[in-house]
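Report on the structure given below.
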Amino acid sequence: MPIPYSEKVIEHFKNPRNVGRMEDYDAKATEGSPACGDMVTLYLKVDEETKTIKDIKFESYGCASNIATGSIITELAKGKTLDEARKISWKAAAEELGGLPAVKVHCSVLAVDTLRAAIRNYEERHGLVEDREPTTVEVVEKRLRHVMNPLTGLDIVKTHVVKKTDVNNGVVTVWVDLSRDHQFANNIEQEIRERLEPLWDVAEVRVIFNDDEEE
Amino acid sequence: MMQNEIIYMDNAATTRVDPAVVEAMLPFFTEKYAVASSQFSHSPGIEVREALDAARATIAQALGAAKPEEVIFTSGETESNNWALKGMARAFRGKKNHLIISKIESRSVLDSAQALEKEGVRVTYLDVDGEGFVNLDQLRESITDDTFLVSIQHANEEVGTIQDIDAIAAIVKERGVAFHTDASHTFTKVPLDLAETPADLVTITAHLIHGPKGIGALYVREGTPIAKWMHGGFMEFNLRGGVENVPGAVGFAKAVEMTSATQVEYISSLRDRLIDGLMARIPKTELNGPRYRRLPGNVNVSFHYAEGESTLLHLDMMGIAVVTGSACFSRSLEPSYVLMAMGKTHELAHGSIRYSLSRYNTSDEVDRVIEATAEVIETLRRISPLGKDEK
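Heads up: the sequence lines are chains A and B, in that order.
The working numbering puts the first residue of the first sequence at 4, with every later residue one more than the last.
The working numbering puts the first residue of the second sequence at 826, with every later residue one more than the last.
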């Protein structure tokens, strides 16, 4: 096997559950893009009374761990309330799959985020969302907890790869405890940008590595 | 498809050693094991020396080298490329400080150039076009009086592009600059006659032509002022110290002897059958690299809307060994730098699959691989959010 996936990952990769397109969905979300190599679209059918997920389907353009996580997470979410489903973490998904190689954890995060985005999409459509919160250092760090260090499979905040963050007039600065020529420097920078740039009040994201010169 | 039968199509990574090569090597482990440079002390040493000289002569002849002494054995492509770049930089230190390479050189050339950059060498990285051909005008304009070496591969292992090596050598030599080419993927497959082509340094390796791993050579044209590489003895004409890898050299020479023009024709025909089959059978498929002037065994295609690692994994489960340029499969999680330099999109790189063929592949295998790939791509496209609306 080219990559040491668990038997369960391979099983879900070969026979993904709940896969395909849904036409009469109540909510839909797409995360990732063909450019970054992983893309997940997820559809929800929600019971308006009980707020439970009646049906769920996903489509994936991505690697095996992405497809397998999409499969397992739809299994986990089916029949749950929106609040319950939102709490399904990538860790829970990864554990359910019998673990994922460290370098592949970030692919599974995408599927989990897509589920959360679809739930949010439903809530927005049905007027269930509170006001937008302004971006603070706390918000930034919460988002960065979804960026994985491919070496360890752990998030870059917890493992102190992120040294410091700053939010100032729409400019977010993230200091990263890696050198520019680190094997995963470009990958981590790209993921940080993907997490922070969509925030509604963020105009610019700066990622500073150890050997970068600061003005 | 039989599960226990592997179809190996990763011959650009390495090849199966020819049994005749193994047989030729065996006596040099258990019988003729003396050190070749012990020729001055005993007759077992002389016998081994003769075998080493014969191997060198065979390889020199295949290259069109004027003298066997121009062939210096190394441990392979990586070492030869490191030596060519660093040995020349060292020889010209304090005199000339500019190196020119292309953006799609092998990792060992690129990384050596980057290491030299850190030591203060100025490096120009030449662009390539959409098919991987080096921009010759840019090459012409980049050479200065400060340039000590131009290093451009003979062919690219990923997309198969065979450079116009004679035109490149002519441009470089007209300016009196040394020229290195990594011919690891073309040696014995694409004509390169050093009596005609004025390259000064040429990298070759054994394991890509059904020889053993751990043996290669750097051709050093007489008079090229390259610095000594390994210190620790006068072996290899005082250029690379250390006990000679005689079994390796003998195996390398045997591997060269086992090659033929007929095989090259055969491999090229398999390549064309595979390209034509994939393109005809699977819609939305693009060939990466040129259709002609392409390595005999190289096929590299991108399938839209199907990610490379998933494709590879499915093929692997069907017993087919290939590689992908997808970021998901690379050690840095970045897409193939070769495809990026050719101006391909990230998406095309993520969907790229390379099949590389050898004389051990058959047309039956090619046909089975076409069918298996078509099946896999269909499966992946069915679950992909992309491309459906275009149908």
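Idealized CB from N, CA, C, for every residue including glycine.
As the structure is a prediction and not an experimental result, all values here were calculated from the model.
Worksheet item: Mapping DSSP to helix, strand and coil, what is residue 42(A)?
Response: strand
Practice prompt. Alpha carbon to alpha carbon, how far is residue 29(A) from residue 128(A)? Give it in angstroms, no decimals.
Written response: 9 Å
Worksheet item: What are the complete beta strand (DSSP E) segments, minimum 3 residues, inside the segment 922-987 of chain B?
Response: 923-927, 947-951, 972-976
Fill in: Segments of 3+ residues assigned as beta strand (DSSP E) that fall wholly inside the segment 1017-1047 of chain B
1026-1030, 1041-1045
Worksheet item: Taking only beta-carbon atoms, is residue 101(A) less than 8 Å away from chain B?
Response: no
Worksheet entry | Selection from 144(A), 57(A), 67(A) that minimises the alpha carbon distance to residue 25(A) | 57(A)
Worksheet entry | Contact set between the segment 20-53 of chain A and chain B, restricted to residues whose Cβ is under 9 Å from the partner | 22, 23, 24, 33, 36, 37, 38, 39, 40, 41, 42, 43, 44
Worksheet item: Going by the beta-carbon positions, is the gap between residue 1041(B) and residue 1181(B) smaller than 8 Å?
Response: no
Discussion item. Please confirm whether residue 1210(B) has its beta-carbon closer than 8 Å to some beta-carbon of chain A.
Written reply: yes
Worksheet item: Among residues of its own chain, excluding the 5 on either side of residue 216(A), which ones have a beta-carbon nearer than 6 Å to its beta-carbon?
Response: none
Worksheet item: If you drop the 5 nearest sequence neighbours on each side, which residues of the same chain put their C-beta closer than 6 Å to that of residue 833(B)?
Response: 1146
Discussion item. So residue 67(A) contacts chain B; which residues on that side make the cut at Cβ distance below 7 Å?
Written reply: 1134, 1135, 1138
Item to complete: Give the straight-line distance between the Cα atoms of residue 967(B) and residue 995(B), rounded to the nearest whole angstrom.
Response: 15 Å
Worksheet item: If you pair each beta-carbon of the segment 998-1013 of chain B with each one of the segment 1189-1205 of chain B, do three or more pairs fall below 8 Å?
Response: no
Worksheet item: Which residues in the same chain have their Cβ closer than 6 Å to the Cβ of residue 856(B), if we skip the five residues on either side of it in sequence?
Response: none
Practice prompt. Have a look at the DSSP bridge pairing and note the partners of residue 171(A).
Written response: 174(A)
Worksheet entry | Reduced DSSP secondary structure (H/G/I, E/B, other) of residue 155(A) | coil
Worksheet item: Which whole-angstrom value describes the C-beta separation of residue 1186(B) and residue 1095(B), a residue pair presumed to lie in contact below a C-beta threshold of 8 Å?
Response: 6 Å
Discussion item. Going by C-alpha to C-alpha distance, which of 1174(B), 1194(B), 1188(B) sits closest to residue 1142(B)?
Written reply: 1194(B)
Worksheet item: So the alpha helix (DSSP H) residue 1201(B) belongs to, where does it begin and stop?
Response: 1188-1208
Fill in: Exposure of residue 811(B), with buried meaning 16 or more beta-carbon neighbours within 10 Å
Absent from the model: residue 811(B). The displayed extent of chain B is 826 to 1216, so no value can be given.
Worksheet item: With 16 as the cutoff for other CB atoms within 10 Å, does residue 892(B) come out buried or exposed?
Response: exposed
Item to complete: With DSSP as the reference, please indicate the residues paired to residue 1065(B) in a beta bridge.
Response: 1055(B)
Fill in: alpha helix (DSSP H) runs contained entirely in the segment 1068-1139 of chain B, provided each spans 4 or more residues
1071-1082, 1086-1106
Discussion item. Does any residue of chain A have a CB that is nearer than 8 Å to the CB of residue 1130(B)?
Written reply: yes
Worksheet entry | Every unbroken alpha helix (DSSP H) inside the segment 181-208 of chain A [4 residues or more] | 188-199
Worksheet item: Going by Cα to Cα distance, which pick from 97(A), 43(A), 176(A) is closest to residue 212(A)?
Response: 176(A)
Fill in: Burial state of residue 92(A), where buried means 16 or more other Cβ atoms lie within 10 Å
exposed
Worksheet item: Is there contact here, the segment 1085-1093 of chain B with the segment 1054-1066 of chain B, by at least three beta-carbon pairs under 8 Å?
Response: no
Worksheet entry | DSSP bridge partner residues for residue 1004(B) (one or two, in chain order) | 975(B)
Discussion item. Could you tell me the alpha carbon to alpha carbon distance between residue 59(A) and residue 1139(B), rounded to whole angstroms?
Written reply: 25 Å
Discussion item. Rounded to the nearest angstrom, what separates residue 876(B) and residue 9(A) at their Cα positions?
Written reply: 50 Å
Item to complete: Identify, in the order they occur along the chain, each residue of the same chain with its Cβ nearer than 8 Å to the Cβ of residue 1057(B), setting aside the five sequence neighbours on each side.
Response: 1066, 1067
Worksheet item: Going along chain A, which residues have a C-beta under 7 Å from residue 1152(B)?
Response: 40
Worksheet entry | CB contact check: residue 104(A) to chain B, cutoff 8 Å | no
Discussion item. Spatial neighbours of residue 143(A) within its chain, please: C-beta separation below 7 Å, excluding the five flanking residues on both sides.
Written reply: 168, 170, 175, 199
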